[in-house]
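Protein chains in written order, with the UniProt record's numbering: chain C, 1 to 219; chain E, 1 to 209.
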């Protein structure tokens with residue numbers, strides 16, 4: 001979706017301000033939100049792309065004015081409500097008043113902690129041969145799906161070169177909407193700065209994205 | 001943040017904010033429903049606080065600086081290469097190491113959210129997840145580097161890697177001059193988090209840290 005989360009190339013957000021000796025969490029609740037998101041995801045309530053999509057669909061003014069973990073909290077609550085894991089009555093009372101729904105992988109317990117400290121596996125067997133190879137010129141399609149996608153707006157319509165082939169991966173655009181993993185080839189595609197930002201751009205800049213095959217056409 | 005939140009914060013710090021109350025309520029709901037064990041949530045937080053961090057990435061970089069065969073393996077398949085180092089935390093698939101050279105500087109961003117090689121570097125800092133970095137890194141990387149006090153020769157190519165999939169990128173910075181004969185342990189002390197994101201350089205030997 002063409003949301004405010006897709007911010008590559010936008011102006012006006014000001015300088016980057018690193019914080020010296022930044023703590024891992026600024027408030028204790030942030031750590032609880034992180035833990036709940038990881039635990040409920042691992043228990044099978046949602047996949048990582050669905051959780052991203054729920055943050056992306058927060059109203060733009062909320063997205064831009066909320067802290068990182070506030071967005072995570074709002075996205076998590078909305079997702080769990082939508083999928084029926086919690087009810088409005090639960091939220092209103094601050095306790096469970098409605099029956100629980102069964103989780104695909106069951107209750108998240110101590111025994112599950114270690115496995116979630118390694119990132120999940122997203123590589124899949126190839127359903128078809130790759131259409132592109134390193135060195136090929138490709139154009140990022142000018143597409144504007146209203147649902148979740150990982151093709152940022154700033155490359156759409158632009159021509160780049162395939163640099164690496166990462167094999168087949170779970171396709172975020174479908175898995176986010178419970179439409180299946182539909183594995184797709186994934187490539188690193190490099191764009192010249194001037195191709196993206198025009199002739200006045202710094203000529204020494206190159207930008208790459210990792211693009212799923214359906215995002216690309218031969219150029 | 002809403003007006004309401006501001007009111008709470010400004011009014012009385014001992015009072016729980018609306019966000020804290022909502023987070024606590026959700027945690028009660030999830031544990032009461034039997035979805036999660038409360039102790040397991042504590043354990044997740046503890047694991048993030050103790051098991052991951054830039055020291056993991058620093059070990060990998062220091063090893064690459066001293067062991068050419070490891071460096072080659074790292075650049076070919078970083079997940080596999082890191083997996084051979086017993087003392088570094090486990091790492092998932094599709095970690096990609098990208099090497100800085102005198103002609104090319106690499107920088108990593110996630111314009112769409114906050115993708116980051118957290119197994120190697122720990123949780124990302126706030127600036128990495130915030131709008132200024134995400135919006136500008138792909139369009140004006142030299143300007144962003146200037147915000148970090150970093151400047152590169154004007155002819156150096158700057159390659160920005162936007163982490164738009166489940167691949168994760170770790171920058172392999174250049175080994176600082178004056179470190180000939182240093183051990184891996186000594187070298188690891190020079191490797192900063194930002195040097196592995198591409199928004200900084202390793203520390204210089206002898207410079208105040």
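Cβ coordinates follow ideal geometry from the N, Cα and C atoms, glycine included.
Which of helix, strand or coil does DSSP assign to residue i?
i, result
"residue 11 of chain E", "Low local confidence applies: a pLDDT of 46 at residue 11 of chain E is under 50, so the model's placement there is unreliable, and no value is given."
"residue 149 of chain E", "coil"
"residue 205 of chain C", "strand"
"residue 138 of chain E", "coil"
"residue 91 of chain E", "coil"
"residue 102 of chain E", "coil"
"residue 182 of chain E", "coil"
"residue 242 of chain E", "Residue 242 of chain E lies beyond the residue range present for chain E, which begins at 1 and ends at 209; the question has no answer from this structure."
"residue 2 of chain E", "Only weak support is given to the placement of residue 2 of chain E: the predicted model assigns it a pLDDT of 43, under 50, and the value that follows is read from those uncertain coordinates. If DSSP states are grouped into helix, strand and coil, residue 2 of chain E belongs with coil."
"residue 107 of chain E", "strand"
"residue 211 of chain C", "strand"
"residue 73 of chain C", "helix"
"residue 217 of chain C", "strand"
"residue 115 of chain C", "helix"
"residue 156 of chain C", "coil"
"residue 144 of chain E", "helix"
"residue 53 of chain C", "helix"
"residue 22 of chain E", "helix"
"residue 62 of chain E", "helix"
"residue 124 of chain C", "strand"
"residue 78 of chain C", "helix"
"residue 97 of chain E", "strand"
Tell me which residue opens and which closes the alpha helix (DSSP H) that residue i is part of.
i, result
"residue 61 of chain C", "60-65"
"residue 70 of chain E", "68-76"
"residue 88 of chain C", "88-93"
"residue 17 of chain C", "Here residue 17 of chain C belongs to no alpha helix (DSSP H), and DSSP marks it neither H nor E."
"residue 129 of chain E", "126-129"
"residue 35 of chain C", "28-42"
"residue 120 of chain E", "118-121"
"residue 174 of chain C", "172-175"
"residue 195 of chain E", "193-197"
Considering only the alpha carbon of each residue, which of the options lies closest to residue i?
i, options, result
"residue 13 of chain C", "E:153, E:183, E:131 and E:155", "E:131"
"residue 219 of chain C", "C:191, C:169 and C:61", "C:191"
"residue 142 of chain E", "E:135, E:129, E:83 and E:158", "E:158"
"residue 217 of chain C", "C:199, C:178, C:181 and C:155", "C:155"
"residue 167 of chain C", "C:143, C:128 and C:17", "C:128"
"residue 165 of chain E", "C:165, C:179 and C:150", "C:150"
"residue 116 of chain C", "C:23, C:104 and C:42", "C:42"
"residue 148 of chain C", "C:50, C:27 and C:24", "C:50"
"residue 120 of chain E", "E:170, E:31 and E:71", "E:170"
"residue 110 of chain C", "E:37, E:201, E:193 and E:19", "E:37"
"residue 148 of chain E", "E:174, E:156, E:201 and E:102", "E:201"
"residue 174 of chain E", "E:114, E:18 and E:105", "E:105"
"residue 198 of chain C", "C:159, C:180, C:120 and C:69", "C:159"
"residue 79 of chain C", "C:22, C:26, C:176 and C:97", "C:176"
"residue 68 of chain E", "E:205, E:90, E:184 and E:55", "E:184"
"residue 19 of chain C", "E:60, E:65, E:128 and E:114", "E:128"
From which residue to which residue does the beta strand (DSSP E) around residue i run?
i, result
"residue 164 of chain C", "159-169"
"residue 139 of chain C", "137-140"
"residue 170 of chain E", "168-172"
"residue 187 of chain C", "184-192"
"residue 37 of chain E", "Residue 37 of chain E -> no beta strand (DSSP E), and no H or E assigned at all."
"residue 177 of chain E", "Taken as a continuous stretch (DSSP letters only), residue 177 of chain E belongs to no beta strand (DSSP E), as it is neither H nor E."
Should residue i be listed as close to the ligand NAD, given that the test is whether its C-beta is under 7 Å from any heavy atom?
i, result
"residue 182 of chain C", "Among the components modelled here there is no ligand, and therefore nothing to report on the ligand NAD."
Legend entry - chain E contacts made by the stretch 35-51 of chain C, where a contact means CB separation under 7 Å: Going along the stretch 35-51 of chain C in chain order, one finds 35, 36, 38, 39, 40 and 43 with a Cβ nearer than 7 Å to chain E.
Inset, instruction - Using a Cβ-Cβ cut-off of less than 9 Å, give me the residues of the stretch 161-194 of chain E that come near chain C, in sequence order. - result: Answer in chain order: 161, 162, 163, 164, 165, 166, 167, 168 and 194.
Inset, instruction - Pull out every residue of the stretch 168-197 of chain C whose Cβ sits closer than 7 Å to any Cβ of chain E, in chain order. - result: Those would be 169, 186 and 197, in chain order.
Inset, instruction - Residues of the stretch 81-100 of chain E with a CB closer than 9 Å to any CB of chain C: list them in chain order, please. - result: Of all residues in the stretch 81-100 of chain E, those with a C-beta nearer than 9 Å to a C-beta of chain C are 89, 90, 91, 92, 93, 94, 95 and 96, reading in chain order.
Legend entry - Contact between the stretch 26-39 of chain C and the stretch 36-51 of chain E (3+ Cβ pairs under 8 Å): Judged by Cβ distances under 8 Å, the stretch 26-39 of chain C makes contact with the stretch 36-51 of chain E, as three or more pairs qualify.
Inset, instruction - Taking 8 Å as the threshold, find out whether the stretch 82-89 of chain C comes into contact with the stretch 40-49 of chain C through three or more Cβ pairs. - result: Below 8 Å, enough C-beta pairs join the stretch 82-89 of chain C and the stretch 40-49 of chain C to call them touching: three or more.
Inset, instruction - Can you give me, in chain order, the residues of the stretch 42-64 of chain E that have a beta carbon less than 9 Å from any beta carbon in chain C? - result: Result list: 42, 43, 44, 45, 46, 47, 48, 49, 51, 52 and 53.
Inset, instruction - Pair every Cβ in the stretch 183-190 of chain E with every Cβ in the stretch 102-116 of chain E, then say whether three or more of these pairs are closer than 8 Å. - result: Under the Cβ criterion (8 Å, minimum of three pairs), the stretch 183-190 of chain E does not count as touching the stretch 102-116 of chain E.
Inset, instruction - Check each residue of the stretch 116-130 of chain C: if its Cβ is closer than 9 Å to any Cβ of chain E, include it; give the result in chain order. - result: Cβ contacts with chain E come from 116, 117, 118, 119, 120, 121, 122 and 123.
Legend entry - Any 3 or more C-beta pairs closer than 8 Å across the stretch 157-175 of chain C and the stretch 119-126 of chain C: With the cut-off at 8 Å, the stretch 157-175 of chain C and the stretch 119-126 of chain C touch.
Inset, instruction - Anything in the stretch 102-116 of chain C with a Cβ closer than 8 Å to a Cβ of chain E? List those residues in chain order, please. - result: Flagged, chain order: 103, 107, 108, 109, 110, 112, 113, 114 and 116.
Legend entry - Under 8 Å (Cβ pairs) to chain C, residues found in the stretch 23-37 of chain E: Listed by position along the chain: 23, 24, 25, 26, 27, 28, 29, 30, 32, 33, 34, 35, 36 and 37.
Legend entry - Interfacial residues, the stretch 150-164 of chain C to chain E, with Cβ spacing under 9 Å: Going along the stretch 150-164 of chain C in chain order, one finds 150, 151, 152, 154, 155 and 164 with a Cβ nearer than 9 Å to chain E.
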